[in-house]
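Enquirer:
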Amino acid sequence: MGFKYKAKGKIINRFIGALILCALSVIIINFIIVGFVLAKRYNIRDQKKEIVNIDKYVSEFKKYITFKDNTPYMSKKGLDKVVENQGWIQILDENGREVYSYKKTKDTPSKYSPIEIVNFNRYDMGDSTIFVDYIEKENYKWTYIIGFPKSKIVKYTLYFNPTNVAEAIFGSKSFWILAIDIIAIAIIGNMFGIKLTRPLEKIIEGIKNLSKGYYDIVYEEKGVYKEVFTNLNTLSDNLRESQEERRQIEKFRQEWISNISHDIKTPLSSIKGYAEIIRDTEYHCTNEEIQSYVDIIFNKSLYLQNLVEDLNLTYKFKNNMIILDKQRVNIIGFIKESIIDILNDPKYSHINIELKYEKEPIHVDIDMNFFKRALNNLIYNAIIHNNKDVNIQVIVVDKVNKVSIKIKDDGKGIDQNDLKNVFKRYYRGTNTSEIHKGSGLGMAISKDIIEVHGGTIEIDSKKGEGTEVTIIINKI
1 MGFKYKAKGK IINRFIGALI LCALSVIIIN FIIVGFVLAK RYNIRDQKKE IVNIDKYVSE
61 FKKYITFKDN TPYMSKKGLD KVVENQGWIQ ILDENGREVY SYKKTKDTPS KYSPIEIVNF
121 NRYDMGDSTI FVDYIEKENY KWTYIIGFPK SKIVKYTLYF NPTNVAEAIF GSKSFWILAI
181 DIIAIAIIGN MFGIKLTRPL EKIIEGIKNL SKGYYDIVYE EKGVYKEVFT NLNTLSDNLR
241 ESQEERRQIE KFRQEWISNI SHDIKTPLSS IKGYAEIIRD TEYHCTNEEI QSYVDIIFNK
301 SLYLQNLVED LNLTYKFKNN MIILDKQRVN IIGFIKESII DILNDPKYSH INIELKYEKE
361 PIHVDIDMNF FKRALNNLIY NAIIHNNKDV NIQVIVVDKV NKVSIKIKDD GKGIDQNDLK
421 NVFKRYYRGT NTSEIHKGSG LGMAISKDII EVHGGTIEID SKKGEGTEVT IIINKI
């Protein structure tokens, strides 16, 4: 419970923090924009259309003032600059009297007192914003006033106590407005954050439940996080299926270990028993008996050898330790040889196996030893799990870049519960008789071999109608 509230608090705090930071950023950006706008309005363009500082502009304007007979007047270039910025100029002597003017407005006086010059320079004059400077000639100071329309440039005056700037700022209304804005943002952000984080509590809780193995909880898929809840439910379903599959595999494995232990003990007991009979000096065996016992020992040993090979091969496939020795072969001839080898065994000579194909040769790249093992496993399964009169067809179809190989029989078929497990390791079908019990790895090994060749294998069967296994492999 503590973790839930702690996580919720962290999410809300981060959200509010981000919201306040965003609001402050917007305010700062606004100040920058306002400052930029004001800076532009407090500057003016020169003849090259470049923006220059107004103070510099006014100060350097004195270079356009010339004197004739000790009387100031404007040069042609200076007059052009005044016209360019829609301004006017006035030059005063030391007594504040006008001695020269150009394009001055009607409300511009011809004489100024010192205090008037100060006030006009600080504020404005009618519809004009004015700037004042002076030029000195032979120890005589001439004052010049440059005016611009307010639409062109304006002045703003800020008053504060330089000895107590902090008090001036924090005591201002703007600060308290800013503080109220931040508090309002925090309150709104907290309310919105709580609403936003409520679904996150369920998401966090759902993830914790998944980590504990609770896969049966279904979450309502709605709201802003609808897609998250959908994925959470999907993940829960997948994990539940994986868990069930693991349990089933573990069950198969335990049963398989039990069966394999029995399968190993049985031939070992036979081998040990007949070996003891042969070595018993008190019992005199005939040559026929000895030969019979040796055959039994050999067959049981061969069974154990195949069992060990299956286990070893399964381990290698499971750990990706298989290296293929591929060769270019005619798959039709290859299958013919495999079928002949099977039928040459007296136990299976009565079986009807038919090979069907439309053309020959069809060349593929395969590891002959591994592929033969996979193919034989599938054909042997069709033989030993059906009656003696079963008919088996091996159908090869050329599909441009691929080859399809079907092993089809008209036998007993496979129960649907068994069908979904036939390629799983350790699985033995329910229709396996005592005399035909194998390692339970044959079909899984066949699947591994086909897949390591880059192919696919599928099985389809109906109880009482037969089974069809389809292999698809690439030609190259």
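If you read the sequence shown in UniProt numbering, its first letter stands for residue 1, the second for the next number, and so on. The C-beta atom is built at its ideal place from N, Cα and C for all residues, glycine as well. Predicted model, so just to flag it, every value in this text is computed and none were measured.
1) Can you give me the Cβ contacts of D78 inside the same chain, cut-off strictly under 6 Å, excluding the 5 residues immediately before and after it?
2) When burial is assigned at 16 or more other CB atoms within 10 Å of the CB, is F408 buried or exposed?
3) According to the Cβ coordinates, are I146 and F67 closer than 8 Å?
4) Measure the alpha-carbon distance for residue 494 versus Y315 and round it to whole angstroms.
5) Distance, Cα to Cα, F298 vs I384?
6) Quick one: which unbroken beta strand (DSSP E) runs of 3-plus residues sit fully inside the segment 65–132? Chain order, please.
7) Could you say which of N231, K212, I392, E201 lies nearest to N413 if we only look at CA atoms?
8) Distance, Cα to Cα, I395 vs C285?
9) Okay, do the segment 116–131 and the segment 183–192 touch, 3+ Cβ pairs below 8 Å being the bar?
10) Our contact map puts K326 next to D365 with C-beta atoms below 8 Å; I'd like the distance itself, whole angstroms only.
11) Using the rule of at least 16 other Cβ atoms within 10 Å of the residue's Cβ for burial, across every protein chain shown, is K251 buried or exposed?
12) Specify the secondary structure class of V58 as computed by DSSP and reduced to three states.
13) Assuming contact is defined by CB atoms lying nearer than 8 Å, are E98 and S110 in contact in what I supplied?
14) Is I91 closer than 8 Å to Y144 when the C-beta atoms are compared?
15) Taking 7 Å as the limit between beta carbons, can you name the residues of its chain near N401, skipping five residues before and five after?
16) Can you list, in chain order, the residues of its chain with a C-beta nearer than 7 Å to that of Y219? Leave out the 5 residues immediately preceding and following it.
17) In angstroms, rounded to a whole number, what distance separates the CA positions of E458 and E358?
18) G464: which of N386, G442, I339, I342 sits nearest, CA to CA?
19) From V294 to V452, what does the alpha carbon distance come to, in whole angstroms?
20) Using the beta-carbon count (16 or more within 10 Å), is S261 buried or exposed?
21) Give, in chain order, every unbroken run of the beta strand (DSSP E) that is at least 3 residues long and sits entirely within the segment 197–230.
22) So, is residue 478 buried or exposed, given that buried needs 16 or more other C-beta atoms within 10 angstroms?
Expert: By the coordinates alone:
1) The sequence shown places Gly at residue 78, not Asp. Taking C-beta separations shorter than 6 Å and ignoring five residues to either side along the sequence, the partners of G78 in its chain run Y64, following chain order.
2) Inspection of the sequence shows that residue 408 is occupied by Lys rather than by Phe. When all chains shown are included, K408 counts as buried.
3) The Cβ atoms of I146 and F67 lie no closer than 8 Å to each other.
4) Here the chain has residues from 1 to 476 only, and residue 494 is not among them.
5) Roughly 21 Å between the two C-alpha positions.
6) Those beta strand (DSSP E) runs which fall completely within the segment 65–132 and span 3+ residues are 65–68, 71–74, 88–92, 98–102.
7) What sits at residue 413 in the sequence shown is Gly, not Asn. It is I392.
8) Taking the straight line from one Cα to the other gives about 51 Å.
9) As far as the Cβ criterion goes, the segment 116–131 does not touch the segment 183–192, which means the pair count is below three.
10) With 8 Å as the limit, K326 and D365 qualify as a contact, their Cβ atoms being about 5 Å apart.
11) It counts as exposed.
12) DSSP, read as helix, strand or coil, puts V58 in helix.
13) Result yes, Cβ atoms of E98 and S110 sit closer than 8 Å.
14) Yes.
15) Taken in chain order, the residues that qualify are N474, K475.
16) If you ignore the 5 residues before and after Y219, its C-beta comes within less than 7 Å of the C-beta of K202, G206, F229, L232, N233, all in its own chain and listed in chain order.
17) It is roughly 22 Å from the alpha-carbon of E458 to the alpha-carbon of E358.
18) The shortest C-alpha separation from G464 is found at N386.
19) So the alpha carbons of these two residues sit roughly 39 Å apart.
20) Exposed: under 16 other Cβ atoms inside 10 Å.
21) Complete beta strand (DSSP E) runs here, min 3: none at all.
22) The question about residue 478 has no answer here: the residues shown for the chain are numbered 1 through 476.
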